[in-house]
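Below is one structure, written out as structure tokens; comments come after it.
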Amino acid sequence: MIDPNNMFSQSEENYLKTILHLQLELKGGVSTSNLAESLDTRAASVTEMIKRLAAKKLVNHERYYGVKLTNLGKKHALTIVRKHRLWESFLVKHLNFEWDEVHDIAEQLEHIKSKKLVEELDRFLGRPKFDPHGDPFQIWRAICLKLRNANFLNWKRGRRVFVKALMIPRLLSSNF
Numbered sequence: 001m002i003d004p005n006n007m008f009s010q011s012e013e014n015y016l017k018t019i020l021h022l023q024l025e026l027k028g029g030v031s032t033s034n035l036a037e038s039l040d041t042r043a044a045s046v047t048e049m050i051k052r053l054a055a056k057k058l059v060n061h062e063r064y065y066g067v068k069l070t071n072l073g074k075k076h077a078l079t080i081v082r083k084h085r086l087w088e089s090f091l092v093k094h095l096n097f098e099w100d101e102v103h104d105i106a107e108q109l110e111h112i113k114s115k116k117l118v119e120e121l122d123r124f125l126g127r128p129k130f131d132p133h134g135d136p137f138q139i140w141r142a143i144c145l146k147l148r149n150a151n152f153l154n155w156k157r158g159r160r161v162f163v164k165a166l167m168i169p170r171l172l173s174s175n176f
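Position one of the sequence shown corresponds to residue 1 (full-length UniProt numbering), numbered consecutively onward.
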């Protein structure tokens with residue numbers, strides 16, 4: 001069954017997901033230039049899409065403060081992230097892909113509209129708590145528990161930590 005409340009274009013979904021990630025990373029509003037850079041598009045295209053998303057009550061945009069997801073926008077963005085992580089889990093667990101191969105494929109599959117398919121996929125996978133990269137499915141709850149951008153060099157020697165996820169793909173793609 002297709003959820004009539006989730007009738008967004010692939011482009012709109014990509015914007016919602018990107019705004020979510022940037023909002024978490026920047027801890028606040030997202031500028032049009034941040035969005036344009038992240039999506040590799042022109043600022044004028046970003047401005048037009050923000051107007052479309054605002055008309056659908058998915059984002060709020062305040063001049064000089066940037067774009068923020070509304071509660072409805074967060075709900076839809078989290079749904080997209082959840083689908084992405086489920087597909088990554090399926091590809092690794094059942095189709096023998098490596099964890100560093102699945103992102104681009106999941107980017108395509110996350111736009112499937114069938115709510116029933118996604119729920120059955122979740123059930124089939126045993127309702128996983130983490131994706132193959134170690135990222136949690138319950139992202140908002142995890143944000144409160146997760147140290148983001150932790151600088152381990154500033155920690156006291158001898159401190160014990162548990163590393164659940166490594167952001168290796170980001171390191172590899174950033175001229176490191």
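Just so it is clear, CB atoms sit at the ideal spot from N, CA and C, and this is done for glycine as well.
Note that the structure is a prediction, hence the values are computed from the model and not measured.
C-alpha distance - residue i paired with residue j, whole-angstrom precision
i, j, result
"W87", "L109", "7 angstroms"
"L147", "Q138", "Low confidence applies to L147: its pLDDT is 44, below 50, so where it sits in the model is not reliable enough to give any reading."
"D131", "K27", "23 angstroms"
"L22", "V30", "6 angstroms"
"I105", "K156", "40 angstroms"
"C144", "G134", "In this prediction, C144 has a pLDDT of 40, which is less than 50 and means its spatial position is unreliable; nothing more can be read from the coordinates."
"L121", "R85", "11 angstroms"
"N96", "S89", "10 angstroms"
"K68", "K129", "27 angstroms"
"H111", "I80", "7 angstroms"
"S45", "G73", "19 angstroms"
"N149", "T47", "Only weak support is given to the placement of N149: the predicted model assigns it a pLDDT of 49, under 50, and the value that follows is read from those uncertain coordinates. Spanning the two alpha carbons is a distance of roughly 29 angstroms."
"E13", "R160", "39 angstroms"
First and last residue of the uninterrupted alpha helix (DSSP H) at residue i
i, result
"N60", "First-last for N60: V59 to E62, but that is the beta strand (DSSP E), not the alpha helix (DSSP H)."
"K27", "First-last for K27: undefined, no H or E at that position."
"K115", "K115 to F124"
"Q108", "H103 to L109"
"M7", "That residue, M7, is in no alpha helix (DSSP H); it is neither H nor E in DSSP."
Range covered by the beta strand (DSSP E) that runs through residue i
i, result
"K68", "G66 to L69"
Residue of the options minimising C-alpha distance to residue i
i, options, result
"E62", "T32, T79, L121 and H94", "T32"
"S11", "K83, I50 and F124", "I50"
"H76", "F8, E37, V67 and G158", "F8"
"G126", "H111, D100 and H94", "H94"
"residue 244", "Y65, A54, K83 and Y64", "The chain is shown from 1 up to 176; residue 244 falls before or after that span and cannot be answered."
"L24", "R159, Y64 and L78", "L78"
"R52", "A36, G66, Y15 and L39", "Y15"
"R82", "R160, F124 and P136", "P136"
* Asked: So does the segment 109 to 118 actually touch the segment 53 to 67, counting three or more Cβ pairs closer than 8 angstroms?
  -> no
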